[in-house]
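Protein sequences, first through last, are from chains U and S.
So in the numbering used here, spot 165 of the first sequence is number 191, and the numbers just go up one at a time.
So in the numbering used here, spot 119 of the second sequence is number 145, and the numbers just go up one at a time.
Note that beta-carbon positions come from the ideal geometry of N, C-alpha and C, so glycine has one too.
Protein chains: 2
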Amino acid sequence: MYNKLSEEILEGFKKIIGEKNVIYDREKIIDYSHDEITLKEFYNLPEVVLKPNNNLEISEILKICYREKIPVTARGGGTGLSGGCIPIYGGVIIDFENMKKVIEVDKENFTITVEAGLTLKEFYEIVNKHNMFFPPHPGDESATIGGLIATNAGGARAVKYGVMRNFVKEIEVVLPDGSIETFGGKYKKCSSGYSLLNLFIGSEGTLGIITKATISLIPPSEKIYTLIIPFKDLGQGIKVSPLIIQKKIIPLAIEFLEKNIINLVENYLNKKWPCEIGNAYLMIMVDGTEEETLKTSEKIAEICSENGALDVFIIEDEKRQKEVLDMRSMIYEALKSNTLEILDITVPVSKIYNFVYEVKKIEEKYKTYIPIYGHAGDGNVHTHIMKGEFKENKWVEIENWKEKYKLVKDEIHIIGKNLNGILSGEHGIGLLKKEYLSLFFSEKHINLMKEIKKIFDPNNILNPGKIF
Amino acid sequence: MYNKLSEEILEGFKKIIGEKNVIYDREKIIDYSHDEITLKEFYNLPEVVLKPNNNLEISEILKICYREKIPVTARGGGTGLSGGCIPIYGGVIIDFENMKKVIEVDKENFTITVEAGLTLKEFYEIVNKHNMFFPPHPGDESATIGGLIATNAGGARAVKYGVMRNFVKEIEVVLPDGSIETFGGKYKKCSSGYSLLNLFIGSEGTLGIITKATISLIPPSEKIYTLIIPFKDLGQGIKVSPLIIQKKIIPLAIEFLEKNIINLVENYLNKKWPCEIGNAYLMIMVDGTEEETLKTSEKIAEICSENGALDVFIIEDEKRQKEVLDMRSMIYEALKSNTLEILDITVPVSKIYNFVYEVKKIEEKYKTYIPIYGHAGDGNVHTHIMKGEFKENKWVEIENWKEKYKLVKDEIHIIGKNLNGILSGEHGIGLLKKEYLSLFFSEKHINLMKEIKKIFDPNNILNPGKIF
Numbered sequence: 027m028y029n030k031l032s033e034e035i036l037e038g039f040k041k042i043i044g045e046k047n048v049i050y051d052r053e054k055i056i057d058y059s060h061d062e063i064t065l066k067e068f069y070n071l072p073e074v075v076l077k078p079n080n081n082l083e084i085s086e087i088l089k090i091c092y093r094e095k096i097p098v099t100a101r102g103g104g105t106g107l108s109g110g111c112i113p114i115y116g117g118v119i120i121d122f123e124n125m126k127k128v129i130e131v132d133k134e135n136f137t138i139t140v141e142a143g144l145t146l147k148e149f150y151e152i153v154n155k156h157n158m159f160f161p162p163h164p165g166d167e168s169a170t171i172g173g174l175i176a177t178n179a180g181g182a183r184a185v186k187y188g189v190m191r192n193f194v195k196e197i198e199v200v201l202p203d204g205s206i207e208t209f210g211g212k213y214k215k216c217s218s219g220y221s222l223l224n225l226f227i228g229s230e231g232t233l234g235i236i237t238k239a240t241i242s243l244i245p246p247s248e249k250i251y252t253l254i255i256p257f258k259d260l261g262q263g264i265k266v267s268p269l270i271i272q273k274k275i276i277p278l279a280i281e282f283l284e285k286n287i288i289n290l291v292e293n294y295l296n297k298k299w300p301c302e303i304g305n306a307y308l309m310i311m312v313d314g315t316e317e318e319t320l321k322t323s324e325k326i327a328e329i330c331s332e333n334g335a336l337d338v339f340i341i342e343d344e345k346r347q348k349e350v351l352d353m354r355s356m357i358y359e360a361l362k363s364n365t366l367e368i369l370d371i372t373v374p375v376s377k378i379y380n381f382v383y384e385v386k387k388i389e390e391k392y393k394t395y396i397p398i399y400g401h402a403g404d405g406n407v408h409t410h411i412m413k414g415e416f417k418e419n420k421w422v423e424i425e426n427w428k429e430k431y432k433l434v435k436d437e438i439h440i441i442g443k444n445l446n447g448i449l450s451g452e453h454g455i456g457l458l459k460k461e462y463l464s465l466f467f468s469e470k471h472i473n474l475m476k477e478i479k480k481i482f483d484p485n486n487i488l489n490p491g492k493i494f
Numbered sequence: 027m028y029n030k031l032s033e034e035i036l037e038g039f040k041k042i043i044g045e046k047n048v049i050y051d052r053e054k055i056i057d058y059s060h061d062e063i064t065l066k067e068f069y070n071l072p073e074v075v076l077k078p079n080n081n082l083e084i085s086e087i088l089k090i091c092y093r094e095k096i097p098v099t100a101r102g103g104g105t106g107l108s109g110g111c112i113p114i115y116g117g118v119i120i121d122f123e124n125m126k127k128v129i130e131v132d133k134e135n136f137t138i139t140v141e142a143g144l145t146l147k148e149f150y151e152i153v154n155k156h157n158m159f160f161p162p163h164p165g166d167e168s169a170t171i172g173g174l175i176a177t178n179a180g181g182a183r184a185v186k187y188g189v190m191r192n193f194v195k196e197i198e199v200v201l202p203d204g205s206i207e208t209f210g211g212k213y214k215k216c217s218s219g220y221s222l223l224n225l226f227i228g229s230e231g232t233l234g235i236i237t238k239a240t241i242s243l244i245p246p247s248e249k250i251y252t253l254i255i256p257f258k259d260l261g262q263g264i265k266v267s268p269l270i271i272q273k274k275i276i277p278l279a280i281e282f283l284e285k286n287i288i289n290l291v292e293n294y295l296n297k298k299w300p301c302e303i304g305n306a307y308l309m310i311m312v313d314g315t316e317e318e319t320l321k322t323s324e325k326i327a328e329i330c331s332e333n334g335a336l337d338v339f340i341i342e343d344e345k346r347q348k349e350v351l352d353m354r355s356m357i358y359e360a361l362k363s364n365t366l367e368i369l370d371i372t373v374p375v376s377k378i379y380n381f382v383y384e385v386k387k388i389e390e391k392y393k394t395y396i397p398i399y400g401h402a403g404d405g406n407v408h409t410h411i412m413k414g415e416f417k418e419n420k421w422v423e424i425e426n427w428k429e430k431y432k433l434v435k436d437e438i439h440i441i442g443k444n445l446n447g448i449l450s451g452e453h454g455i456g457l458l459k460k461e462y463l464s465l466f467f468s469e470k471h472i473n474l475m476k477e478i479k480k481i482f483d484p485n486n487i488l489n490p491g492k493i494f
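Structure (structure tokens):
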């Protein structure tokens, strides 16, 4: 199906990007066999890792791979959670380590243009330096801009301003045949043919390789506050969040968490959560002028107090807020050692309660442990399927976890489907979620996607075996 | 290339939707030969107009047309400005007059689901009744929801909350072979394969026929104010608008207009503009709580006064605000009798001044009249190519307007391209803008669009001859 790399092809790569950027020693490429997923049976080594320096070099590389039928997988920060950048057919990995240039900071149009390899952490630094604000906060800040676009990443702060799709204005892309194209532009309205820009956002490296992007930003809010609100149980907390939005308050983020997960993160990071009472929490971020932020916080406190909140902690200190957001972002890491898979089903906001309730029933039915937490403001719920449970400060193996894995996974997906949800809200389909695609989409729908793939990538060399 | 309708096929249509909904008398279908464009050489009659009652009937109609190779053009309110719904190959027009059902008002998820034939005016009424707010305001309220999605319409109030693309959550579509598919859903995050929803938004009826849509809404603002700000000349006004955004104020709308156009609208509608001084105006809409709205208005007034504004009129009265917005929306109508074509080029906000300046030079060079106005907040500029000029209360023919038409049109498009603009911001490519597609897109880009069209519509029966 695919050809293996020959000495001649490797020499070709070396000529294009320089010898030091062509890596094939097993020990040096072992980390490229996986992203952040835990299931080792999905890991697979590439034949070579290439670190090009610019779009033209990527174009040259793709011309060779296109001609020689060699699979090419673009890899950002490797922070994916569904195996999206695993080179399951071997071949070439493109690593963007050498492509981190900030090309333009445009203060008039409120955009920043960067190469695809810049990490989110580096991007936030530049954005802050220029007194702008980038609302999305996909958890892991070592993700790259290219990767974030390829998965249409979201994160906690998507309730008020949206996800990556809402902020990507223009991308430069190298297509499989080596041609370089630009989609989108720095305009705020476009009705000029099919939106290929939007087709690329979330396409997981299967249509072309994103090399450059222009991201729109907003003026920073004067203040951001984080509220931690404890409840007796999770159900109470979840039921409050639509009430907040109905009162015309749209926060940056509304997250829900349970105490047992917080304890685990406290233990893992050796940090303290701001609040000890309660068994579940809402974590709400609000922004605006100082006056607005205070007023909004008070209104939220009032709504929560009237609906079962045990207290309301308002965190104003920036550093302390960052710590709390980091604790939230590190949940996956804290659970990872005993996680089989993290699910990413997204339901309408009004259905979160039902989803959580049904998942708890599954947890009971299978006598297992299913940590569940996520974005109460946007319906994106993360559910972990586990092989162990953290009890009295240590991990205890769940009985028959191997047998339960697939059964639990099936049942949770069916719940999501029945509640009009979607398979993945922000992680992407990648490798791990492919088997459920036909539960959420008709055969016709999937075939249309496959046909689109063929147009862009007739030889199927780009990230083959992903999505469908 | 296409087949003509036979008696047998017409009988088939009558069986599906009832005899009274199949219309082919010339005098009754004459209005279906065009939209709001003025160039009569582009008008073309359909063979028949069908008024189906639901999606299943549309499916049955398409099955026949697909089999028999008969062109099908969906028509919403017929308010288009680029000939998008003109049946240039004859065949069938689908009129959505009988498909105006409100299917669901979902207060928990803040969405409303309607059939595609509901007009914008009817939609606003339902939205208001349920105490929600739909920010976009594409000028002509007799446009339908289906049409607004098919062109990714925008309008004046797109600066703060965005265009149709930002509000369409789910669509039901009948594909050319008659299959019925749903794209999108009531979730706020999705990273599950290629976004076919976004591919359909702005596809101008060429990929499938939209029959139903779920639109997201926001809580209504307590107050909306409209500010009218006169300047000595247009350049001054345009230069102020980026300053407002840089001061972290994001209004609902920032429009720019010249006095001569306002006079024309006053004359046409027999209504008075709120302000007589100045030669150009900014019209700014702000929303928020009463306190916020007042404060924002004051801040804007301050910025404008420091930068050349002759005065600032703040309109609080709702009815008066509606009148002013209507006057803005009626500019096209007021100019229409002497308009050859309205252009819809969109440039980065920072380039509006340059665009207007360059267009004024063209106006002078060709001794013609080019009314120019539009959305200073989002870069979407409307430029009219005219055959007459309104002088001393009557239209005076422009010398050699026929010869100047194409030359002026070419030059304006080249200006737009050179300023990194895009061909159409909200009107769509339709029929009239096709010739400039290759100025703004590479051959490869256009070919990718054509290939996508083929996947969805292999027999090329849906709105053939549009976009490319």
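Residue i vs residue j beta-carbon contact at 7 Å
i: U:A335; j: U:M311; result: no
i: S:S450; j: S:K459; result: yes
i: U:T170; j: U:F122; result: yes
i: S:K417; j: S:I424; result: no
i: S:G106; j: S:D61; result: yes
i: S:V74; j: S:V118; result: yes
i: U:I329; j: U:L269; result: yes
i: S:S229; j: U:N224; result: no
i: S:M125; j: S:G104; result: no
Beta-carbon contacts of residue i that lie in its chain and below 7 Å, excluding the five residues immediately before and after
i: U:T322; result: I275, V312 and G314
i: S:N185; result: Note that residue 185 of chain S is Val in the sequence shown, not Asn. Excluding positions up to five away in sequence, the list reads I276, P277, L278, A279, I280, G403 and D404.
i: S:V200; result: N81, I84, S85, L88, I206, G234, I235 and T237
i: U:P23; result: Outside the displayed span of chain U (27 to 494) sits residue 23 of chain U, for which this structure offers no information.
i: S:K267; result: Checking the sequence, you will find Ser at residue 267 of chain S rather than Lys. Excluding residues within five positions, the ones whose Cβ falls inside 7 Å are I280, L308, A402 and G403.
Contacts around residue i, its chain only, beta-carbon distance under 6 Å, and the 5 residues preceding and following it disregarded
i: U:H163; result: G181, A182 and R183
i: S:D483; result: P202
i: U:A360; result: L290, V291 and Y294
Opening and closing residue of the alpha helix (DSSP H) in which residue i lies
i: S:M475; result: E469 to F482
Limits of the unbroken beta strand (DSSP E) element including residue i
i: U:H410; result: N406 to M412
i: U:T240; result: I235 to S242
i: U:Y395; result: Element bounds for U:Y395: n/a, residue is neither H nor E.
i: S:P268; result: Per DSSP, S:P268 belongs to no beta strand (DSSP E); it is in the alpha helix (DSSP H), L260 to Q272.
i: U:F68; result: Neither: U:F68 is in no beta strand (DSSP E) and is coded neither H nor E.
i: U:V338; result: That residue, U:V338, is in no beta strand (DSSP E); it is neither H nor E in DSSP.
8 Å CB neighbourhood of residue i in its chain, flanking five on each side removed
i: S:S205; result: S85
i: S:T99; result: P72, C111, I112, P113, G117, V118, I119, I120, G231, L488 and N489
i: U:L465; result: H439, I440, K443 and L449
Buried versus exposed call for residue i [16 or more other C-beta atoms within 10 Å across all chains shown]
i: S:K155; result: exposed
i: S:D259; result: exposed
i: S:K273; result: exposed
i: S:E196; result: buried
i: S:L243; result: buried
i: S:Y392; result: buried
i: S:M27; result: exposed
i: S:E367; result: buried
i: U:Y383; result: exposed
With three or more beta-carbon pairs closer than 8 Å as the criterion, would you say the stretch 366 to 378 of chain U touches the stretch 330 to 345 of chain U? no
Is it a yes or a no for the stretch 124 to 132 of chain U touching the stretch 96 to 112 of chain U, going by three-plus beta-carbon pairs under 8 Å? no
Are three or more beta carbon pairs between the stretch 28 to 37 of chain U and the stretch 82 to 97 of chain U nearer than 8 Å? yes
If we count Cβ pairs, one from each stretch, closer than 8 Å, do we get three or more for the stretch 72 to 91 of chain U versus the stretch 45 to 63 of chain U? yes
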